[in-house]
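**Q** Each step along the sequence shown adds one to the number in numbering that gives the first Met the number 0, with nothing skipped, and position 196 is 195.
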Amino acid sequence: MHATQKPRHDDPLDVETFAHPEQQRRYIAAMHRIAAERRRSNPVRVYVSAAPKTVNDSNWQRWLKRITQDLPDGVELLHYRSAFEGSPYSWDTLAGQLDGLVVIGMPKRLGSRVHVLGPVARLELRSMVAQKPVLLFTHNLGLVPVVDCKSQVMTPPEAPRLKLIAPKRWNRDSRTLQAALDALRPASNDGQDPNRDMADHLATPFAVRSAVS
Numbered sequence: 000m001h002a003t004q005k006p007r008h009d010d011p012l013d014v015e016t017f018a019h020p021e022q023q024r025r026y027i028a029a030m031h032r033i034a035a036e037r038r039r040s041n042p043v044r045v046y047v048s049a050a051p052k053t054v055n056d057s058n059w060q061r062w063l064k065r066i067t068q069d070l071p072d073g074v075e076l077l078h079y080r081s082a083f084e085g086s087p088y089s090w091d092t093l094a095g096q097l098d099g100l101v102v103i104g105m106p107k108r109l110g111s112r113v114h115v116l117g118p119v120a121r122l123e124l125r126s127m128v129a130q131k132p133v134l135l136f137t138h139n140l141g142l143v144p145v146v147d148c149k150s151q152v153m154t155p156p157e158a159p160r161l162k163l164i165a166p167k168r169w170n171r172d173s174r175t176l177q178a179a180l181d182a183l184r185p186a187s188n189d190g191q192d193p194n195r196d197m198a199d200h201l202a203t204p205f206a207v208r209s210a211v212s
């Protein structure tokens, strides 16, 4: 399951994750900690970061619906139009009120695992990736935690973009995705937290991937 496992046909991209085992362990522990600290009275808000061209695409509402279906029930989705319509763009103010981020990049081609984020989306990702669940939305794979992706900063230097590559053998049953979804699940009304024992996961800090810079 780890990037250290031998790829097929000597293809370095033919892996289930680009994260090292220790990165995965720390990420999962951090997500479990977020889930354990969720209060029942707090809503869960996730921002969908997308370029204007994507927002204006005829498929925009369909993509939002799919993201909603892939996230836990009860998550509130925000995007540029719903969050900033009629008011100045103030990401720093909004980011503090968010519980997670979904980024939609420009795919290299239809069905590609390679997605490019513009300068604004890159900065939005950077501001949250060390603290909250951040997921890449892909049309063929669904949601992929950014921690599992290969990242590369692109030119121009004055407004760098970010290339994210999803693993070729990505598995939707991965522990990282399930942990991220747990971190975004609204707390149950009965106060119960089924199917999860957090006791062993609360002390490990979140490790940030240095590649996202």
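Note that the Cβ used here is the ideal one computed from N, Cα and C, for glycine as well. Keep in mind that this is a model prediction, so the values were computed, not measured.
What are the complete beta strand (DSSP E) segments, minimum 3 residues, inside the region 101-183?
**A** 113-116, 133-137, 141-144, 149-153, 160-164, all fully within the region 101-183.
**Q** Would you mind giving the Cβ-Cβ distance between V226 and K162, rounded to the nearest angstrom? I have them listed as a contact below 8 angstroms.
**A** Nothing about residue 226 can be read from this structure; the chain reaches only from 0 to 212.
**Q** Closer than 6 angstroms by C-beta to V115: which residues in its own chain qualify, once you throw out the five before and the five after it? Chain order, please.
**A** Answer for V115: G104, M105, R160, K162, listed in chain order.
**Q** Rounded to whole angstroms, what is the Cα-Cα separation between L12 and S86?
**A** Near 42 angstroms, if we compare the C-alpha coordinates of S86 and L12.
**Q** Do L183 and D72 have their C-beta atoms closer together than 8 angstroms?
**A** Not in contact: L183 and D72 (Cβ atoms no closer than 8 angstroms).
**Q** Figure out for me which residue from L109, A165, W90, L93 has the closest Cα to the Cα of D150.
**A** It is worth fixing the name first, because residue 150 is Ser in this sequence and not Asp. Measuring from the Cα of S150, the nearest candidate turns out to be A165.
**Q** Determine the burial state of T16: buried for a count of at least 16 other Cβ atoms within 10 Å of its Cβ, exposed for fewer.
**A** Its Cβ being crowded by 16 or more others within 10 Å, T16 is buried.
**Q** Rounding to the nearest angstrom, what Cα-Cα distance links V152 and T67 in this structure?
**A** If I take the Cα positions, the gap works out to 29 angstroms.
**Q** Could you check whether L77 and L63 sit closer than 8 angstroms to each other, using their CB atoms as the reference points?
**A** It is not a contact, given that the beta carbons lie outside the stated cut-off.
**Q** For S81, does the three-state DSSP call read helix, strand or coil?
**A** Of the three classes helix, strand and coil, the one that applies to S81 here is helix, per DSSP.
**Q** Would the beta-carbon of L176 fall within 8 angstroms of that of P144?
**A** Yes.
**Q** Within its chain, find whatever has a CB closer than 8 angstroms to the CB of D91; leave out the 5 residues flanking it on each side and keep chain order.
**A** S126.
**Q** Across which residues does DSSP place G95 in a beta bridge pair?
**A** Answer is none; G95 lacks a bridge partner.
**Q** Check Y26 in the structure and name its three-state DSSP category.
**A** Note: Y26 maps to helix in three-state DSSP.
**Q** Starting from the N-terminal side, write out each stretch of the beta strand (DSSP E) that is 3 residues or longer and does not extend beyond the region 20-71.
**A** Complete beta strand (DSSP E) runs here, min 3: 44-48.
**Q** Are the beta-carbon atoms of L180 and L70 separated by less than 8 angstroms?
**A** Yes, they are a contact pair.
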